[in-house]
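Asks: Numbering-wise, UniProt numbering comes out as the position in the sequence shown, counting from 1, plus 655. Using N, Cα and C, we set each Cβ at its ideal position, and we do this for glycine too. Dropping a structure here in C-alpha cells format, bear with me for questions.
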Amino acid sequence: HADIAMYRAKKLGRNNTQFYEPAMNEEARERLRIEGALRKALERREFVLHYQPQVDLQSGRVVGMEALLRWQHPELGMVAPHRFIGLAEETGLIVEIGAWVLQTACAQARSWMDQGHGQLRIAVNLSPRQFSEPQLPGSIAQVLQDTGLPPACLDIELTEGLFMHDVTQAVELLHRLKALGLALSIDDFGTGYSSFSYLRHFPIDVLKIDRSFVSDIKEDDEAAIVVSIIALAHNLKLRVIAEGVETESQVDYLRRNGCDEIQGYYFSPALPAADFEQLLKQGRHLRTMPLPA
Ligand code: C2E
Ligand code: MG
Ligand code: MG
Ligand code: MG
Numbered sequence: 656h657a658d659i660a661m662y663r664a665k666k667l668g669r670n671n672t673q674f675y676e677p678a679m680n681e682e683a684r685e686r687l688r689i690e691g692a693l694r695k696a697l698e699r700r701e702f703v704l705h706y707q708p709q710v711d712l713q714s715g716r717v718v719g720m721e722a723l724l725r726w727q728h729p730e731l732g733m734v735a736p737h738r739f740i741g742l743a744e745e746t747g748l749i750v751e752i753g754a755w756v757l758q759t760a761c762a763q764a765r766s767w768m769d770q771g772h773g774q775l776r777i778a779v780n781l782s783p784r785q786f787s788e789p790q791l792p793g794s795i796a797q798v799l800q801d802t803g804l805p806p807a808c809l810d811i812e813l814t815e816g817l818f819m820h821d822v823t824q825a826v827e828l829l830h831r832l833k834a835l836g837l838a839l840s841i842d843d844f845g846t847g848y849s850s851f852s853y854l855r856h857f858p859i860d861v862l863k864i865d866r867s868f869v870s871d872i873k874e875d876d877e878a879a880i881v882v883s884i885i886a887l888a889h890n891l892k893l894r895v896i897a898e899g900v901e902t903e904s905q906v907d908y909l910r911r912n913g914c915d916e917i918q919g920y921y922f923s924p925a926l927p928a929a930d931f932e933q934l935l936k937q938g939r940h941l942r943t944m945p946l947p948a
C-alpha cells in the first residue's frame with residue numbers, strides 16, 4: 656500500500672537505514688535516494704546559490720537580490736528547491752543547508768559591495784525549522800561578523816506559517832533578530848495563515864506580494880488584492896515588493912499604484928553569481944517611464 660510504503664520510507668529515512676522495502680513504491684524509493692544524496696551534497700559542494708535582482712520602481716535600479724538555492728546533482732542535473740526543500744525540512748538537514756546558504760549569500764553580497772557596486776540588500780529564505788533552533792540569532796550574528804556584511808544589508812524572508820504555532824515565542828525570536836539590525840520580510844504574503852494581528856505585533860519591515868496575486872494584473876484590469884496589499888504595507892510603514900513580475904503592464908500597474916520594488920522574470924530570473932555580477936557591472940536597470948501627472 657502506497658501510504659504505508661511512504662510512511663516506512665520516512666521512518667527508514669530518519670534512521671538513515673539503507674534497507675529498501677521490496678513493496679516500496681517508486682516515489683518512496685525516490686525520496687530515500689534524494690535524502691541520502693542530500694546528506695552528501697553539502698560535503699560534495701553540490702549546492703549553489705542563484706541571485707534574482709530586486710529592482711526599485713522609482714529609480715529603476717537594482718537595489719538587492721534574493722538568494723535562491725539550487726542543487727547541482729551529478730546525475731539529476733540542476734534540481735529546483737521544491738523538489739528537495741520539503742525533505743530537507745522534514746529530516747532537519749535544512750538547518751545545516753540553511754547555515755551554508757546564509758554564510759554564502761552574506762559573503763557574496765559583501766564581496767559585490769567591496770567591488771564598488773554600492774549598497775546592496777541580500778534576501779535569504781529561512782525555513783520554519785531554522786526558526787526552532789535556539790542558536791539562530793547567535794549564528795546569524797556570527798555570519799554577519801565573519802563576513803563583515805552590514806546588518807542592514809541582510810533581509811531575512813519568513814513565511815506566514817511561522818506565526819501559526821507559538822506566537823509569543825515567535826514574537827520574542829523576531830525581536831532578537833531585529834536587534835541584530837537586519838530586516839524581516841514576509842514572503843508569499845497573502846497565501847498562508849494571514850492574520851492582521853501579527854502584522855501589528857511583529858517587527859516586520861517588508862511584505863512580498865505573492866506572485867499568484869501579481870499574475871492577476873492583466874491589461875486594463877483592476878487587481879484589487881495587489882492594490883490592497885500595497886496600501887496595507889504603506890499604512891503600516893512597511894516596504895512592499897511584488898514577486899513574479901513578468902510583463903510590462905504589470906510593471907506599469909505596480910509603479911502607478913506605488914509598489915516599492917519588483918522581482919520577476921520581466922527584469923531577470925535568478926542568475927548564477929557570475930551572471931549577476933555581469934549585470935551589476937553593466938549597471939543594467941529597468942527602463943523607467945514617467946508617471947502620469
Ligand atoms: P520564494 O522565496 O517565494 O522565491 C521565489 C520563487 O519564484 C523562486 O523559485 C523564483 O525563481 C521564482 N520566480 C521569480 N520570478 C518569477 C517570475 O517572474 N515568474 C515565475 N513563475 N516564477 C518566478 P525557486 O528558486 O524555484 O524557489 C522556490 C521556493 O523555494 C522559494 O520561493 C523558497 O520558498 C524556497 N527556497 C529557495 N531557496 C531557499 C533557501 O535557500 N532556503 C529555504 N528555506 N527555502 C528556499
Ligand atoms: Mg523568498
Ligand atoms: Mg515568494
Ligand atoms: Mg514560495
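1. Mapping DSSP to helix, strand and coil, what is residue 891?
2. Do residue 824 and residue 869 come within 9 angstroms of each other at the CB atom, strictly closer than that value?
3. May I ask you to list the residues that DSSP assigns as paired with residue 856?
4. Quick one: grab the DSSP three-state call for residue 819.
5. Taking 9 angstroms as the threshold (C-beta atoms), are residue 777 and residue 804 in contact?
6. I'd like the span of the beta strand (DSSP E) that includes residue 835, first residue to last.
7. Taking Cβ positions, are residue 817 and residue 783 nearer each other than 9 angstroms?
8. To which residues of the same chain is residue 736 closer than 6 angstroms at the C-beta, ignoring the five residues directly before and after it?
9. Taking just the CA atoms, how far does residue 787 sit from residue 749?
10. For residue 861, tell me which candidate among 809, 879 and 880 has the shortest Cα-Cα distance.
11. Within 10 angstroms of the Cβ of residue 720, are there 16 or more other Cβ atoms? Answer buried if so, exposed if not.
12. Please decide whether residue 901 counts as near chain D, where near means a Cβ-Cβ distance under 9 angstroms.
13. How many angstroms separate the CA atom of residue 903 from the CA atom of residue 829?
14. Just to confirm my understanding: we take residue 598, look at its own chain, exclude 5 residues before and 5 after, and list those with CB closer than 6 angstroms. What are they?
15. What residues in its chain sit with their C-beta under 7 angstroms from that of residue 727, if we drop five residues either side in the sequence?
16. Do the CB positions of residue 837 and residue 896 come within less than 9 angstroms of each other?
17. Rounded to whole angstroms, what is the Cα-Cα separation between residue 791 and residue 806?
18. Is residue 735 helix, strand or coil when you go by DSSP?
19. Would you decide whether residue 780 is buried or exposed? Buried here means 16 or more other CB atoms lie within 10 Å of its CB.
20. Look at the alpha carbon of residue 938 and the alpha carbon of residue 770, and state the distance between them as a whole number of angstroms.
21. Is the beta carbon of residue 899 less than 9 angstroms from the beta carbon of residue 867?
22. Using only CA atoms, which one of 738, 715 and 705 lies nearest to residue 687?
23. For residue 714, which of helix, strand or coil comes out of DSSP?
24. Run through DSSP, which three-state label would residue 938 get?
25. What runs of the beta strand (DSSP E), each 3 residues or longer, lie entirely inside the region 728-796?
26. Give every residue whose Cβ lies closer than 5 angstroms to any heavy atom of ligand 3, listed in chain order.
27. In chain order, what residues of the same chain have a beta carbon less than 7 angstroms from the beta carbon of residue 856, not counting five sequence neighbours either side?
28. Under three-state DSSP, which class holds residue 872?
29. Can you pull the DSSP bridge partners for residue 723?
30. Under the three-state reduction of DSSP, which class applies to residue 861: helix, strand or coil?
Replies: Considering the structure as presented:
1. What you label residue 891 is simply residue 236 of the sequence shown in a count that begins at 1. In the structure shown, residue 891 sits in coil (DSSP, three-state: anything other than H, G, I, E or B).
2. As a working note, residue 869 is residue 214 in the sequence shown. As a working note, residue 824 is residue 169 in the sequence shown. In this structure, residue 869 sits away from residue 824, with a CB-CB distance that is not shorter than 9 angstroms.
3. Position 201 of the sequence shown, counted from the start, is the residue given in the question as residue 856. For residue 856, which the question treats as bridged, DSSP gives no partner whatsoever.
4. Here the question's residue 819 lines up with position 164 in the sequence shown. Three-state result, residue 819: coil.
5. Your numbering for residue 804 matches position 149 in the sequence shown. Your numbering for residue 777 matches position 122 in the sequence shown. Contact: yes.
6. If you number the sequence shown from 1, residue 835 lands on position 180. First-last for residue 835: undefined, no H or E at that position.
7. Your numbering for residue 817 matches position 162 in the sequence shown. Your numbering for residue 783 matches position 128 in the sequence shown. In contact: residue 817 and residue 783 (Cβ atoms closer than 9 angstroms).
8. Working through the sequence shown from its first residue, we reach residue 736 at position 81. So the qualifying residues of the chain are 724.
9. Walking along the sequence shown from the start, residue 749 turns up at place 94. Walking along the sequence shown from the start, residue 787 turns up at place 132. Cα to Cα, residue 749 sits roughly 12 angstroms from residue 787.
10. As a working mapping, residue 861 is identified with position 206 in the sequence shown. Nearest option by C-alpha distance: 809.
11. Within the sequence shown, numbered from 1, the residue matching residue 720 stands at position 65. Buried is the call here.
12. The chain inventory of the structure shown lacks chain D, comprising one protein chain alone.
13. One-based indexing of the sequence shown puts residue 903 at position 248. One-based indexing of the sequence shown puts residue 829 at position 174. When rounded, the distance between both Cα atoms is 36 angstroms.
14. Any answer about residue 598 is impossible in this case: the structure gives the chain only from 656 up to 948.
15. Mapped onto the sequence shown, residue 727 falls at position 72. So the list reads 701, 703 and 733, once near-sequence residues are dropped.
16. Here residue 837 is taken as the residue at index 182 of the sequence shown, counted from 1. Here residue 896 is taken as the residue at index 241 of the sequence shown, counted from 1. No, the Cβ-Cβ distance between residue 837 and residue 896 is not below 9 angstroms.
17. Locating residue 791 in the sequence shown gives position 136, where the first residue counts as 1. Locating residue 806 in the sequence shown gives position 151, where the first residue counts as 1. For residue 791 and residue 806, the distance between alpha carbons rounds to 15 angstroms.
18. To locate residue 735, count along the sequence shown from 1; it is residue 80. Reduced to three states, the DSSP call for residue 735 is coil.
19. As a first step, residue 780 must be located in the sequence shown, where it is residue number 125. Result: buried.
20. Working through the sequence shown from its first residue, we reach residue 938 at position 283. Working through the sequence shown from its first residue, we reach residue 770 at position 115. Rounded to whole angstroms, residue 938 to residue 770 spans 13 angstroms at the Cα level.
21. Residue mapping note: residue 899 aligns to position 244 of the sequence shown, counting from 1. Residue mapping note: residue 867 aligns to position 212 of the sequence shown, counting from 1. Their beta carbons are under 9 angstroms apart, which means residue 899 touches residue 867 by this criterion.
22. Against the sequence shown, residue 687 aligns to sequence position 32. If we check each option's Cα against that of residue 687, 738 comes out closest.
23. For this step, residue 714 is matched to residue 59 along the sequence shown. Coil.
24. As a first step, residue 938 is located in the sequence shown; it is residue number 283 there, counting from the start. DSSP places residue 938 in coil when its eight states are reduced to three.
25. Taking only runs of at least 3 residues, the beta strand (DSSP E) segments lying wholly in the region 728-796 are 732-734 and 776-780.
26. Listed along the chain, these residues meet the criterion: 842, 843 and 898.
27. As a first step, residue 856 must be located in the sequence shown, where it is residue number 201. Here the set comprises 826.
28. Working through the sequence shown from its first residue, we reach residue 872 at position 217. In this structure, residue 872 counts as coil in the three-state DSSP scheme.
29. Start at 1 with the first residue of the sequence shown, and residue 723 comes out as number 68. In DSSP, residue 723 forms a bridge with 705.
30. Indexing the sequence shown from 1 puts residue 861 at position 206. Strand, per DSSP.
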